[in-house]
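Trainee:
Protein chains: 2
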Amino acid sequence: MTATPIAVGLSAVIVAADGKAPYALTTRHADGMAGLPHGRFDPSGHRTFELGLRDWVRAQTGFEPGYVEQLYTFGDLGRELPQAELNDAPTGARLISVGYLGLTPERTDISAFDAVWRDWHRHFPWEDHRQGRPALIAEAIAPALLAWADAGGKQSATRLSRVQLAFGLDDQPWIEERTLERYELIYEAGLAPESVRDSGRKPVKAPSAALGEPMISDHRRILATAIGRLRGKIKYRPVVFELMPERFTLLDLQKVVESILGLPLHKQNFRRSLDRSGLVVGLGQFTQATGGRPAELFRFRREALREGHASGVQTPRG
Amino acid sequence: MTATPIAVGLSAVIVAADGKAPYALTTRHADGMAGLPHGRFDPSGHRTFELGLRDWVRAQTGFEPGYVEQLYTFGDLGRELPQAELNDAPTGARLISVGYLGLTPERTDISAFDAVWRDWHRHFPWEDHRQGRPALIAEAIAPALLAWADAGGKQSATRLSRVQLAFGLDDQPWIEERTLERYELIYEAGLAPESVRDSGRKPVKAPSAALGEPMISDHRRILATAIGRLRGKIKYRPVVFELMPERFTLLDLQKVVESILGLPLHKQNFRRSLDRSGLVVGLGQFTQATGGRPAELFRFRREALREGHASGVQTPRG
DNA sequence: GTAGTTATGCTCAAGTTGAGCTTAAGTAGC
DNA sequence: GCTACTTAAGCTCAACTTGAGCATAACTAC
Numbered sequence: 001m002t003a004t005p006i007a008v009g010l011s012a013v014i015v016a017a018d019g020k021a022p023y024a025l026t027t028r029h030a031d032g033m034a035g036l037p038h039g040r041f042d043p044s045g046h047r048t049f050e051l052g053l054r055d056w057v058r059a060q061t062g063f064e065p066g067y068v069e070q071l072y073t074f075g076d077l078g079r080e081l082p083q084a085e086l087n088d089a090p091t092g093a094r095l096i097s098v099g100y101l102g103l104t105p106e107r108t109d110i111s112a113f114d115a116v117w118r119d120w121h122r123h124f125p126w127e128d129h130r131q132g133r134p135a136l137i138a139e140a141i142a143p144a145l146l147a148w149a150d151a152g153g154k155q156s157a158t159r160l161s162r163v164q165l166a167f168g169l170d171d172q173p174w175i176e177e178r179t180l181e182r183y184e185l186i187y188e189a190g191l192a193p194e195s196v197r198d199s200g201r202k203p204v205k206a207p208s209a210a211l212g213e214p215m216i217s218d219h220r221r222i223l224a225t226a227i228g229r230l231r232g233k234i235k236y237r238p239v240v241f242e243l244m245p246e247r248f249t250l251l252d253l254q255k256v257v258e259s260i261l262g263l264p265l266h267k268q269n270f271r272r273s274l275d276r277s278g279l280v281v282g283l284g285q286f287t288q289a290t291g292g293r294p295a296e297l298f299r300f301r302r303e304a305l306r307e308g309h310a311s312g313v314q315t316p317r318g
Numbered sequence: 001m002t003a004t005p006i007a008v009g010l011s012a013v014i015v016a017a018d019g020k021a022p023y024a025l026t027t028r029h030a031d032g033m034a035g036l037p038h039g040r041f042d043p044s045g046h047r048t049f050e051l052g053l054r055d056w057v058r059a060q061t062g063f064e065p066g067y068v069e070q071l072y073t074f075g076d077l078g079r080e081l082p083q084a085e086l087n088d089a090p091t092g093a094r095l096i097s098v099g100y101l102g103l104t105p106e107r108t109d110i111s112a113f114d115a116v117w118r119d120w121h122r123h124f125p126w127e128d129h130r131q132g133r134p135a136l137i138a139e140a141i142a143p144a145l146l147a148w149a150d151a152g153g154k155q156s157a158t159r160l161s162r163v164q165l166a167f168g169l170d171d172q173p174w175i176e177e178r179t180l181e182r183y184e185l186i187y188e189a190g191l192a193p194e195s196v197r198d199s200g201r202k203p204v205k206a207p208s209a210a211l212g213e214p215m216i217s218d219h220r221r222i223l224a225t226a227i228g229r230l231r232g233k234i235k236y237r238p239v240v241f242e243l244m245p246e247r248f249t250l251l252d253l254q255k256v257v258e259s260i261l262g263l264p265l266h267k268q269n270f271r272r273s274l275d276r277s278g279l280v281v282g283l284g285q286f287t288q289a290t291g292g293r294p295a296e297l298f299r300f301r302r303e304a305l306r307e308g309h310a311s312g313v314q315t316p317r318g
């Protein structure tokens, strides 16, 4: 018997952020859809996944990844890349997808490539709660998902509770890390263009553009995984600093944390906890670019890692 | 050109614990070495990794996994399974290893299979700090690793600091989650039988049995990953209860947490924080099996998950 | 000079943590 | 039945952390 061959795809979520938004490095595809930098793992050429991934990212975007970590390996049948997308994949191969997360302090110039730094909220408009809970949830998402739960027969109760917990309905708190659960619900309920595409079924209801722009293959799922992981990790490891320039003001830092979490933070308490953490030091230099009183510039104290202060920044909601 | 084929191995760390020790479900191999339940992912037969994994575990140990989560996917060249181990792997295939973690409340009877529940400290004797820091660290591990760091030429400084941070030398705190880092150092320094086997080199110094029993393939690495992940997760998700029977005393619960963490906890403060968490309820029933005053029996309040109390148990060191 | 904007400092009550002490309620040995 | 031992469970207290708001300082723009 000829066994089905396996192909491994490597995809990268490269994140940058500024005071305005969080960005992911994306590539443009023929049909106008966005995708993540990705490519096929070459078992004879790549010694490790990470090296393979770095090659692909460099080739497709000109970007040289720094900090990188593995996210998750997806192997479910039916959600892989359509054949054409993955160059050289043997026909009929089973496709497996390994996702990686990378962080970078600056949106490097990638204009020579067909790549763009994109605000990730274009793909997940329901994730940005910095200006309060988006109306979209109450107006479009909740009704659609509750209808889907209702139509679930024996699974109705489970579905209902998944929806409530994920989207913070019915007095449940909004837990920002549950990004993947939220996307998966929208996907399962057939509200994402991707679910229609993957199943080959006709959409029950035209998936609304309001539910976020789709991405090729399972890239929106990988992006959701990355966002969730980063939102969690920022709290217990000092990874935010991978997103900051050498010198920054405390407000800069707060804005970056807020854009990643999609939540507003309490300014004074955020500063106080940073102070206590010992993660940053003032440089005695000031910047006048604030529009108000000049702010002191700080830098990350890498030495803090040595002192066991290996935890992240606190995120007091404000 | 004939591309190198890829084979995917699935391995499971199935964990149980009681008041005495934490256990992993293992299989026995020809050479007397232990391994994890594992097998090859079948791209034409398995719809998802998880289903494939469950098949293999059931076949090899008779155990039916409940809660399961993906840990990590290892793809580095040079640390894969020796060919013979992985039934049916095409010769010359590149082997990739996906590790899973499962939890169970009872050590089910597996005597009909060639499987054993093993105290994981047999593979990681330096990880058990319930009776204080094991002498092994100061007597054998630290000297060997410091010598290795010293011999590192340009990398000496990095190595030294990795060793200090991982093993809590030189006033650094012992961070129980860093299980994988510790194992990787021992492996890299050539102190594990596995490193000798994988490299084909002669050992610099016979790897001492005191440095833990080896396992087949990269299974000790997967086990280390599982321990580290579980130690972290227990603190922020109520996963311990997956390891507990329906009814238990607070001391039972504390002993289980202690065996997983490899640390002693402060009894009163542990109880107080549990109390506040709302994760458990007293049943008004008492057990006399304590050897002292009878203890109340408690159960996990699954409803607590609904109330946003989705966090784990606190672990006040005692 | 006035209004607007942002930085940074101070305070206070409420809650949490670390650590220890005390009393209760059993068992085992004599 | 008394004593020693063991574990459960309740109480206390100081130190610290958190959430929240108010006050003052130092700039820019008009």
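So the sequences go chain by chain: A and B. Here the numbering used here is used: the first residue of the first sequence is 1, the next is one more, and so on. Here the numbering used here is used: the first residue of the second sequence is 1, the next is one more, and so on. Where is the CB? At the ideal position from N, CA and C, for every residue including glycine.
Would you verify that the beta carbon of A:Gly75 is, or is not, closer than 8 Å to some beta carbon of chain B?
Mentor: Position 75 of the first sequence holds residue 75 of chain A. True, the Cβ-Cβ gap to chain B drops below 8 Å.
Trainee: Below 6 Å CB to CB, which residues in the same chain sit around B:Pro238 once its five sequence neighbours on both sides are set aside?
Mentor: Position 238 of the second sequence holds residue 238 of chain B. Result list for B:Pro238: Leu279 and Gly312, in chain order.
Trainee: Alpha carbon to alpha carbon, how far is B:Leu261 from B:Ile137? Give it in angstroms, no decimals.
Mentor: Position 137 of the second sequence, counted from the first residue, corresponds to residue 137 of chain B. Position 261 of the second sequence, counted from the first residue, corresponds to residue 261 of chain B. The alpha-carbon atoms of B:Ile137 and B:Leu261 are separated by roughly 17 Å.
Trainee: Taking 8 Å as the CB-CB cut-off, is A:Gln83 touching chain B?
Mentor: For the purposes of this step, residue 83 of chain A is taken as residue 83 along the first sequence, with counting starting at 1. Below a pLDDT of 50, predicted positions are generally treated as unreliable, and A:Gln83, at 46, falls in that range; the measurement from the model is reported next regardless. No, no contact with chain B.
Trainee: Rank A:Met33, A:Asp128 and A:Ile227 by C-alpha distance to the C-alpha of A:Tyr72 and give the top, closest one.
Mentor: Mapped onto the first sequence, residue 72 of chain A falls at position 72. For A:Tyr72, the nearest C-alpha among the options comes from A:Ile227.
Trainee: Go ahead and pull the three-state DSSP assignment for A:Trp174.
Mentor: As a position in the first sequence, residue 174 of chain A is number 174, starting the count at 1. In the structure shown, A:Trp174 adopts coil according to DSSP, grouped into three states.
Trainee: Got a sec, what are the start and stop residues for the alpha helix (DSSP H) B:Val15 sits in?
Mentor: Locating residue 15 of chain B in the second sequence gives position 15, where the first residue counts as 1. No alpha helix (DSSP H) contains B:Val15, which is instead part of the beta strand (DSSP E) from Ile6 to Ala17.
Trainee: Among residues of its own chain, excluding the 5 on either side of B:Ala84, which ones have a beta-carbon nearer than 7 Å to its beta-carbon?
Mentor: As a position in the second sequence, residue 84 of chain B is number 84, starting the count at 1. Its pLDDT being 44, under 50, B:Ala84 is placed unreliably by the model, and the measurement read from it follows with that caveat. Cβ within range, chain order: n/a, list empty.
Trainee: Count the other C-beta atoms from every protein chain shown that fall within 10 angstroms of the C-beta of B:Leu103, then say buried if there are 16 or more, exposed otherwise.
Mentor: Translated into positions along the second sequence, residue 103 of chain B becomes position 103. Buried.
Trainee: By DSSP, does A:Asp109 sit in helix, in strand, or in coil?
Mentor: Within the first sequence, residue 109 of chain A is the residue found at index 109, counting from 1. DSSP places A:Asp109 in coil when its eight states are reduced to three.
Trainee: Should A:Gly318 and A:Leu265 be called a contact, given that it needs their Cβ atoms to be closer than 8 Å?
Mentor: As a first step, residue 318 of chain A is located in the first sequence; it is residue number 318 there, counting from the start. As a first step, residue 265 of chain A is located in the first sequence; it is residue number 265 there, counting from the start. In contact: A:Gly318 and A:Leu265 (Cβ atoms closer than 8 Å).
Trainee: For B:Gln314, which of helix, strand or coil comes out of DSSP?
Mentor: In the second sequence, counting from the first residue as 1, residue 314 of chain B sits at position 314. If DSSP states are grouped into helix, strand and coil, B:Gln314 belongs with coil.
Trainee: Measure the C-alpha to C-alpha separation of A:Gln60 and A:Val256 and round it to an integer number of angstroms.
Mentor: Counting from one through the first sequence, the residue named residue 60 of chain A turns up at place 60. Counting from one through the first sequence, the residue named residue 256 of chain A turns up at place 256. Going from the Cα of A:Gln60 to the Cα of A:Val256 covers about 26 Å.
Trainee: Per DSSP, which residues does B:Arg130 bridge with? Please list them.
Mentor: The count along the second sequence starts at 1 and reaches residue 130 of chain B at position 130. Answer is B:Gly132.
Trainee: Use the C-beta contact count for B:Gln254: other C-beta atoms within 10 angstroms, 16 or more gives buried, fewer gives exposed.
Mentor: Here residue 254 of chain B refers to the residue found at position 254 when the second sequence is read from its first residue. It counts as buried.
Trainee: Is there a C-beta anywhere in chain A that falls below 8 Å from the one on B:Val140?
Mentor: Translated into positions along the second sequence, residue 140 of chain B becomes position 140. In the sequence on display, residue 140 of chain B carries Ala and not Val. Not a single CB atom of chain A sits nearer than 8 Å to the CB of B:Ala140.
Trainee: Using the C-alpha atoms, what's the distance from B:Leu51 back to A:Ala3?
Mentor: One-based indexing of the first sequence puts residue 3 of chain A at position 3. One-based indexing of the second sequence puts residue 51 of chain B at position 51. Looking at the two C-alpha atoms, the distance is approximately 18 Å.
Trainee: Tell me, to the nearest whole angstrom, how far the beta carbon of A:Ser97 is from that of A:Asp218; I am working on the premise that it is less than 8 Å.
Mentor: Looking up residue 97 of chain A in the first sequence gives position 97. Looking up residue 218 of chain A in the first sequence gives position 218. A:Ser97 to A:Asp218, Cβ: 6 Å. Contact.
Trainee: Where does A:Gly278 fall in DSSP's three states?
Mentor: On the first sequence, residue 278 of chain A is found 278 positions in, with the first residue counted as 1. The answer is coil: DSSP assigns A:Gly278 none of H, G, I, E or B.
Trainee: Strictly below 8 Å CB to CB, what residues from chain A border B:Ser44?
Mentor: Residue 44 of chain B sits at position 44 when you count from the first residue of the second sequence. Within 8 Å of the CB of B:Ser44, the CB atoms of chain A belong to Ala3, Thr4 and Arg94, in sequence order along the chain.
Trainee: Please list the terminal residues of the continuous beta strand (DSSP E) segment that includes B:Leu36.
Mentor: Numbered from 1 along the second sequence, position 36 holds the residue referred to as residue 36 of chain B. Here B:Leu36 belongs to no beta strand (DSSP E), and DSSP marks it neither H nor E.
Trainee: Could you say if the segment 164 to 171 of chain A and the segment 132 to 151 of chain A meet the contact criterion of at least three C-beta pairs nearer than 8 Å?
Mentor: yes
Trainee: Taking only three categories from DSSP, how would you classify A:Ala189?
Mentor: What you label residue 189 of chain A is simply residue 189 of the first sequence in a count that begins at 1. Coil, per DSSP.
Trainee: Looking only at its own chain, which residues have a Cβ that is under 8 Å from the Cβ of B:Thr290, when we skip the five neighbours before and after it?
Mentor: Taking the second sequence and counting its residues from 1, one reaches residue 290 of chain B at position 290. Around B:Thr290: Thr249 and Leu251.
Trainee: Please decide whether A:Arg47 counts as near chain B, where near means a Cβ-Cβ distance under 8 Å.
Mentor: As a position in the first sequence, residue 47 of chain A is number 47, starting the count at 1. For A:Arg47, the answer is yes, since a Cβ of chain B falls inside 8 Å of its Cβ.
Trainee: In chain A, which residues lie less than 9 Å from B:Tyr100 when you measure between Cβ atoms?
Mentor: Translated into the one-based positions of the second sequence, residue 100 of chain B becomes position 100. The contacting residues do not exist; B:Tyr100 stays about 11 Å from chain A at best.
Trainee: Can you name the start and end residues of the beta strand (DSSP E) that A:Trp56 belongs to?
Mentor: Sequence index remark: in the first sequence, residue 56 of chain A carries index 56 (1-based). First-last for A:Trp56: Phe49 to Thr61, but that is the alpha helix (DSSP H), not the beta strand (DSSP E).
Trainee: So for B:Asp218, helix, strand or coil by DSSP?
Mentor: Counted from its first residue, the second sequence places residue 218 of chain B at position 218. Residue state, collapsed to three classes: coil.
Trainee: DSSP on B:Ser232, reduced to helix/strand/coil?
Mentor: Residue numbering aside, residue 232 of chain B sits at position 232 when the second sequence is read from its first letter. A small correction: the amino acid at residue 232 of chain B is Gly; Ser does not occupy that position in the sequence shown. Helix at B:Gly232.
Trainee: Using only the alpha-carbon positions, how far apart do A:Trp56 and A:Phe113 sit?
Mentor: For the purposes of this step, residue 56 of chain A is identified with residue 56 of the first sequence, where counting begins at 1. For the purposes of this step, residue 113 of chain A is identified with residue 113 of the first sequence, where counting begins at 1. Each residue's Cα considered, the two are about 13 Å apart.
Trainee: Just to check my reading of the structure: A:Thr48 and A:Gly35 have Cβ atoms closer than 8 Å, yes? What is that Cβ distance to the nearest angstrom?
Mentor: Translated into positions along the first sequence, residue 48 of chain A becomes position 48. Translated into positions along the first sequence, residue 35 of chain A becomes position 35. Their Cβ separation, rounded to whole angstroms, is 23 Å, which puts A:Thr48 and A:Gly35 out of contact at 8 Å.
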